[in-house]
Amino acid sequence: MVSPVYLAVHVPEFSAQALLRLRPELRRKPVAVVKGVPPLQQVCSANPEARAMGVENGITRAQLDAFDGLSIFPASSAEYACARSALLETASVFTPRIQVQPESDAAFAILLDMTGTTWMWGEAASMVQHVAHAIRSIRLSARFVTSSNAHTALCLASVARRGPLVVRAGEEAKALAQLPMSSLPLTAEQAEALSLWGLGTLGDLASLSVHAVTARLGQAGKRLHAIASGSEPHFFVPQEAEFLLQESMEFDEPVELLDSILFVLSPMLLQLIGRAANRSYALASVTTQLKLEGGGEHTRVLQPALPSSERTALLKLLHLDLQAHPPAAGVIGVCLSAQPGDRGQVQAGLFAPQLPEAMPLEVTLARIAAMVGEEHVGRARLLDTHADTTFAMERFVAPKVSHASKGRSCASAAMALRRCRPPQTLQVVTRDRRYSPRPLSFYFGGRYYVVVQAYGPWRRSGDWWSAEVWSCEEWDVCARCDGADALLCVLKHNRLSKEWTMDALYD
């Protein structure tokens, strides 16, 4: 039977860390987080630098003005939710069995069931190092304890220490003996009773008789005694983490400068790329949602030709897009979300010409679109019409290569139409009909061609209020000349001027 392995991840001051993970310039400066209705706001979380200055939970907003150099931020539920989602997503890479623990002392804790993952992540010490590195990559600082008993890992993780801790099987009671009573999940009545008994550590509680503790505190006391002894079983209820690539940030004052918005988007984009890379994904599309002053929203969707993980190129595309479509008012909040996509692998043939890299080409096209307009950049798409404007511009899209199409012959390829610029005047022999003359033969390029097949006439729609209405007819013609290949072409007949011209050739 495989021995159970539990890993407790304890993130202290989670509200403060959720705000600082997207503000790297403030990580080494004192920061306090307040919540409540102004002006009755109180401190709910702070980083270690602020704690060293004497900032404590419950201090009012007015009292914080006495601390020089202290940055104060209101609690943000959106940033808290994004940090929580990022933590659960990162942990789910290592195991699908994750249990979220009740919040205590402004901390956020999760319990990972790592049983049976030794072949993937190594022994306990190596496993903890992998998880710690992944959580540091999303800019969160946490404490890590692994043990065969879930309650032992959770109690030890709530106590500050340097480095991860690995508790071997059978040593749970020894590891818990020096912990204070506050590391147990106590109610106010239980904490008061244990204090009156003169108990200061979990070792003191474990040394008592379980029958005496149960007689005074009931079944809850029996459970506390088992936890302090490291023998309490745990009923694991896993919570499936939702894979949602989204980062949010809110501002105290409206921001109007584009450079300031890009300064905020850079760390947010870096987090999205890192979280997608944890699952071997790239970013297929990036949606920027700006909350505007006054209640409006400004949403832009960026979709590169291929999924990418290049932050510099994606940030430049966001810059050019917001520069071409600026928000109508000051920005008070930013929400950056992305859709994952498979990493594109481009492999050219040995003798194939070298193609430009996808992302530099995307940035170049965005720069050109910023100068000439988005409607003038892209690729030509042929229209199913006989009008003069036979193509339209559309956005570049990476073609999907199908292995089934490799065996097709060249005969199935579509024919190309090469326009004559300008059209060449022809002498055409026709057969008069009631509605439209039909071409029988013509001279072109010094040769005499006989029409073998003719399809038409294709009449272009004109304007009913002008002389151009139904004035032009087109014929698709297959003609032959002695000693030459068949000529496939388009003949145009102007009914007003009675003139025939060579309009295009089929290749």
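Each residue of the sequence shown is one higher than the one before, counting from 1 in UniProt numbering.
The C-beta atom is built at its ideal place from N, Cα and C for all residues, glycine as well.
Just so it is clear, the structure is predicted and the values come from calculations on it, not from any experiment.
- Message: Which of the three DSSP states is assigned to Met-371 in this structure?
- Response: helix
- Where does His-298 fall in DSSP's three states? strand
- Query: So, helix, strand or coil for Leu-306, using DSSP?
  - Reply: coil
- Query: DSSP on Leu-245, reduced to helix/strand/coil?
  - Reply: coil
- Task: Answer with buried or exposed for Ser-412, where buried requires no fewer than 16 other C-beta atoms within 10 angstroms of its C-beta.
- Result: At Ser-412, the pLDDT of 49 sits below 50, so the modelled position is not reliable; the number obtained from the coordinates is stated separately. Per the 10 Å Cβ criterion, exposed.
- Task: Please classify Val-33: is it buried, with 16 or more other beta-carbons within 10 angstroms of its beta-carbon, or exposed?
- Result: buried
- Message: With three or more C-beta pairs closer than 8 angstroms as the rule, is the stretch 228-247 touching the stretch 196-209?
- Response: yes
- Query: What are the boundary residues of the beta strand (DSSP E) that includes Arg-418?
  - Reply: 417-431
- Going straight from the alpha carbon of Cys-478 to that of Leu-487, what length do you get? 6 angstroms
- Counting along the chain, where does the alpha helix (DSSP H) carrying Val-131 start and finish? 124-137
- Query: Among the residues of its own chain, which have a CB less than 8 angstroms from the CB of Tyr-443, if the five just before and after it don't count?
  - Reply: Leu-426, Gln-427 and Tyr-449
- Task: Write down the C-beta distance between Phe-14 and Phe-108 rounded to the nearest angstrom, noting that I regard them as a contact closer than 8 angstroms.
- Result: 4 angstroms
- With DSSP collapsed to three states, give me the class of Gly-445. coil
- Query: Is it the case that the Cβ atoms of Thr-287 and Thr-299 are separated by a distance below 8 angstroms?
  - Reply: yes
- Could you pull the start and end residues of the beta strand (DSSP E) that Val-34 belongs to? 31-35
- Item | Check whether Glu-297 and Met-268 have beta carbons under 8 angstroms apart | no
- Task: Flag this pair as yes or no: are the beta carbons of Val-331 and Phe-251 separated by less than 8 angstroms?
- Result: yes
- Starting from Pro-48, trace the beta strand (DSSP E) both ways and give me its first and last residue. Run containing Pro-48: none in the beta strand (DSSP E); it sits in the alpha helix (DSSP H), 48-53.
- Item | Span separating the alpha-carbon of Val-401 from that of Ala-106 | Interpretation of Val-401 is limited by its pLDDT of 45, a score under 50 that renders its predicted location unreliable; the figure taken from the coordinates is listed afterwards. Roughly 52 angstroms between the two C-alpha positions.
- Please determine, among Ser-308, Val-429 and Ala-484, the residue with the shortest C-alpha to C-alpha distance to Glu-499. Val-429
- Item | Residues near Phe-391 by beta carbon distance below 7 angstroms, same chain, minus five either side | Ala-380, Arg-381, Leu-382 and Leu-383
- Give the straight-line distance between the Cα atoms of Thr-187 and Met-181, rounded to the nearest whole angstrom. 11 angstroms
- Item | Cβ neighbours of Gln-17 in the same chain (closer than 6 angstroms, five flanking residues each side left out) | Leu-140
- Query: What's the gap between the Cα of His-133 and the Cα of Val-11?
  - Reply: 14 angstroms
- Task: If I'm right that Arg-20 touches Arg-27 with Cβ under 8 angstroms, what's the distance once you round it to whole angstroms?
- Result: One detail in the question is off: residue 20 reads as Leu in this sequence, not Arg. Yes, they are in contact, since the Cβ atoms of Leu-20 and Arg-27 sit about 6 angstroms apart, within 8 angstroms.
- Task: Measure the beta-carbon distance from Ile-59 to Val-43 and round it to whole angstroms, keeping in mind my assumption that it falls under 8 angstroms.
- Result: 5 angstroms
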